[in-house]
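One structure is given here, and the rest of the page talks about it.
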Amino acid sequence: MKKLVLTLALSVLALGATAEIAEPMISRTLKLAKGWNAVYLELTPEKSDPAAFFAFADVTRAGSYQAGVYDKTAQYDSEGNPLNQKPVSYLVWEKGSSASTLKSLTGGHVYLVYAKEAATTDYRGVPALPRMSWLTGES
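The opening position of the sequence shown corresponds to residue 1373 in the working numbering, with each subsequent residue numbered one higher.
This is the structure we're talking about:
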(Lines of atoms letter the chains of each structure in order from A and count residues from 1; the text may use other names and numbers.)
(Lines give C-alpha, C1' and ligand atoms only; values in the text may rest on other atoms or scores of the structure.)
Protein backbone atom coordinates (compact mmCIF):
# COMPACT_ATOMS: atom_id res chain seq x y z
CA MET A 1 0.00 0.00 0.00
CA LYS A 2 2.81 2.43 0.88
CA LYS A 3 4.49 1.62 -2.44
CA LEU A 4 1.25 2.42 -4.34
CA VAL A 5 0.77 5.73 -2.51
CA LEU A 6 4.41 6.69 -3.14
CA THR A 7 4.09 5.79 -6.84
CA LEU A 8 0.90 7.86 -7.18
CA ALA A 9 2.48 10.83 -5.38
CA LEU A 10 5.55 10.72 -7.61
CA SER A 11 3.35 10.47 -10.71
CA VAL A 12 1.32 13.50 -9.66
CA LEU A 13 4.52 15.49 -9.00
CA ALA A 14 6.01 14.48 -12.35
CA LEU A 15 2.85 15.43 -14.24
CA GLY A 16 2.57 18.71 -12.37
CA ALA A 17 6.18 19.62 -13.13
CA THR A 18 5.69 19.17 -16.88
CA ALA A 19 2.28 20.82 -17.12
CA GLU A 20 2.35 24.14 -18.93
CA ILE A 21 1.04 27.08 -16.95
CA ALA A 22 -1.07 29.29 -19.19
CA GLU A 23 -0.78 33.05 -18.94
CA PRO A 24 -4.10 34.74 -18.13
CA MET A 25 -5.55 36.19 -21.35
CA ILE A 26 -7.91 39.14 -21.01
CA SER A 27 -9.54 41.56 -23.45
CA ARG A 28 -9.31 45.32 -23.92
CA THR A 29 -10.86 47.79 -26.34
CA LEU A 30 -8.65 50.02 -28.46
CA LYS A 31 -10.14 53.16 -30.02
CA LEU A 32 -8.23 55.15 -32.62
CA ALA A 33 -9.23 58.61 -33.80
CA LYS A 34 -8.41 59.84 -37.29
CA GLY A 35 -4.83 61.17 -37.23
CA TRP A 36 -2.20 60.71 -34.54
CA ASN A 37 -3.04 58.76 -31.38
CA ALA A 38 -1.04 58.12 -28.21
CA VAL A 39 -1.85 54.56 -27.16
CA TYR A 40 -0.78 52.87 -23.93
CA LEU A 41 -1.10 49.10 -24.23
CA GLU A 42 -2.03 47.49 -20.93
CA LEU A 43 -1.64 44.05 -22.51
CA THR A 44 0.98 42.37 -24.64
CA PRO A 45 -1.26 41.52 -27.59
CA GLU A 46 -1.88 37.95 -28.67
CA LYS A 47 -1.04 39.19 -32.19
CA SER A 48 2.03 41.28 -31.39
CA ASP A 49 3.18 41.82 -35.00
CA PRO A 50 2.19 45.44 -35.80
CA ALA A 51 0.82 44.53 -39.25
CA ALA A 52 -1.44 41.86 -37.75
CA PHE A 53 -2.43 43.95 -34.73
CA PHE A 54 -3.35 47.06 -36.77
CA ALA A 55 -5.13 45.12 -39.53
CA PHE A 56 -8.51 46.27 -38.12
CA ALA A 57 -7.79 49.87 -39.15
CA ASP A 58 -6.03 51.83 -41.86
CA VAL A 59 -2.93 52.43 -39.71
CA THR A 60 0.11 53.52 -41.71
CA ARG A 61 2.69 54.17 -39.00
CA ALA A 62 3.39 53.36 -35.36
CA GLY A 63 6.37 54.23 -33.21
CA SER A 64 7.59 53.85 -29.66
CA TYR A 65 10.28 55.71 -27.73
CA GLN A 66 12.76 53.27 -26.27
CA ALA A 67 15.33 54.90 -23.98
CA GLY A 68 17.84 52.04 -24.29
CA VAL A 69 17.69 51.63 -28.06
CA TYR A 70 20.53 54.06 -28.81
CA ASP A 71 22.95 52.05 -26.69
CA LYS A 72 22.15 48.98 -28.78
CA THR A 73 22.61 50.78 -32.10
CA ALA A 74 25.63 53.00 -31.35
CA GLN A 75 28.44 52.49 -33.85
CA TYR A 76 32.18 52.85 -33.41
CA ASP A 77 35.18 53.19 -35.72
CA SER A 78 38.02 50.65 -35.85
CA GLU A 79 39.78 52.38 -32.92
CA GLY A 80 36.71 52.25 -30.65
CA ASN A 81 35.73 55.90 -30.96
CA PRO A 82 31.99 56.59 -31.24
CA LEU A 83 30.86 57.71 -34.69
CA ASN A 84 29.12 61.08 -34.83
CA GLN A 85 25.58 59.99 -35.61
CA LYS A 86 22.06 61.04 -34.82
CA PRO A 87 20.73 59.14 -31.78
CA VAL A 88 18.12 56.54 -32.67
CA SER A 89 15.70 56.26 -29.76
CA TYR A 90 12.51 55.28 -31.57
CA LEU A 91 11.38 51.98 -32.96
CA VAL A 92 9.13 52.62 -35.96
CA TRP A 93 6.76 50.43 -37.98
CA GLU A 94 5.50 51.54 -41.39
CA LYS A 95 2.83 49.62 -43.25
CA GLY A 96 4.39 47.64 -46.09
CA SER A 97 7.99 48.59 -45.23
CA SER A 98 10.62 45.92 -44.75
CA ALA A 99 12.89 48.49 -43.05
CA SER A 100 10.64 48.82 -39.97
CA THR A 101 12.50 48.56 -36.66
CA LEU A 102 9.38 47.95 -34.51
CA LYS A 103 8.90 44.19 -34.90
CA SER A 104 6.44 43.46 -32.08
CA LEU A 105 4.13 45.33 -29.71
CA THR A 106 4.64 44.94 -25.98
CA GLY A 107 2.30 45.76 -23.13
CA GLY A 108 3.37 48.51 -20.76
CA HIS A 109 4.59 50.78 -23.57
CA VAL A 110 3.22 53.92 -25.19
CA TYR A 111 2.90 53.95 -28.98
CA LEU A 112 2.25 56.84 -31.33
CA VAL A 113 -0.11 55.54 -34.01
CA TYR A 114 -1.28 57.25 -37.20
CA ALA A 115 -4.71 56.11 -38.46
CA LYS A 116 -6.26 57.40 -41.69
CA GLU A 117 -9.75 56.81 -40.26
CA ALA A 118 -11.26 56.31 -36.80
CA ALA A 119 -11.57 52.66 -35.78
CA THR A 120 -12.28 50.49 -32.74
CA THR A 121 -11.36 46.90 -31.95
CA ASP A 122 -11.25 44.46 -29.06
CA TYR A 123 -7.99 42.59 -28.61
CA ARG A 124 -6.77 39.85 -26.31
CA GLY A 125 -3.45 39.61 -24.51
CA VAL A 126 -1.46 39.04 -21.37
CA PRO A 127 -1.46 41.84 -18.76
CA ALA A 128 1.76 43.82 -18.55
CA LEU A 129 3.26 44.98 -15.30
CA PRO A 130 3.20 48.78 -15.12
CA ARG A 131 6.56 50.50 -14.75
CA MET A 132 7.37 51.76 -11.30
CA SER A 133 9.57 54.60 -12.59
CA TRP A 134 10.22 56.50 -15.80
CA LEU A 135 13.14 55.44 -17.96
CA THR A 136 15.22 58.46 -18.83
CA GLY A 137 18.08 56.81 -20.69
CA GLU A 138 20.57 58.25 -18.21
CA SER A 139 22.86 56.02 -16.19
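Just so you know, even glycine gets a beta-carbon here, dropped at the ideal spot from N, CA and C.
By the Cβ neighbour-count rule, W1408 is exposed, with fewer than 16 other Cβ atoms within 10 Å of its own.
Short of 8 Å from the beta carbon of L1415, and not among the five residues preceding or following it, lie these beta carbons of its own chain, in chain order: I1398, R1400, G1479, Y1495, R1496, G1497, V1498, P1499 and A1500. Put simply, the stretch 1421-1431 touches the stretch 1468-1484. At least three CB pairs are less than 8 Å apart. By the neighbour-count definition (other C-beta atoms within 10 Å, threshold 16), S1470 is an exposed residue.
Taken through DSSP and simplified to helix, strand or coil, A1427 comes out as helix.
Between S1461 and V1411, the alpha-carbon positions lie close to 18 Å from each other. Where G1407 is concerned, the enclosing beta strand (DSSP E) starts and stops at G1407 to Y1412.
The beta carbon of T1432 sits closer than 6 Å to those of K1467 and Y1486, all from its chain and outside the five residues before and after it, given in chain order. Here P1499 carries a strand assignment [DSSP, helix/strand/coil].
Across the structure, V1464 and E1451 are spaced so that their CA atoms are roughly 31 Å apart.
Boundaries of the beta strand (DSSP E) around T1401: I1398 to L1404.
Exclusion of the five residues before and after E1489 leaves K1406, A1429 and D1430 as the residues of its chain whose Cβ lies within less than 8 Å of its Cβ. Listed in chain order, the non-local C-beta contacts of Y1483 below 6 Å within the same chain comprise V1411, A1434 and S1436, local neighbours out to five positions each way being set aside.
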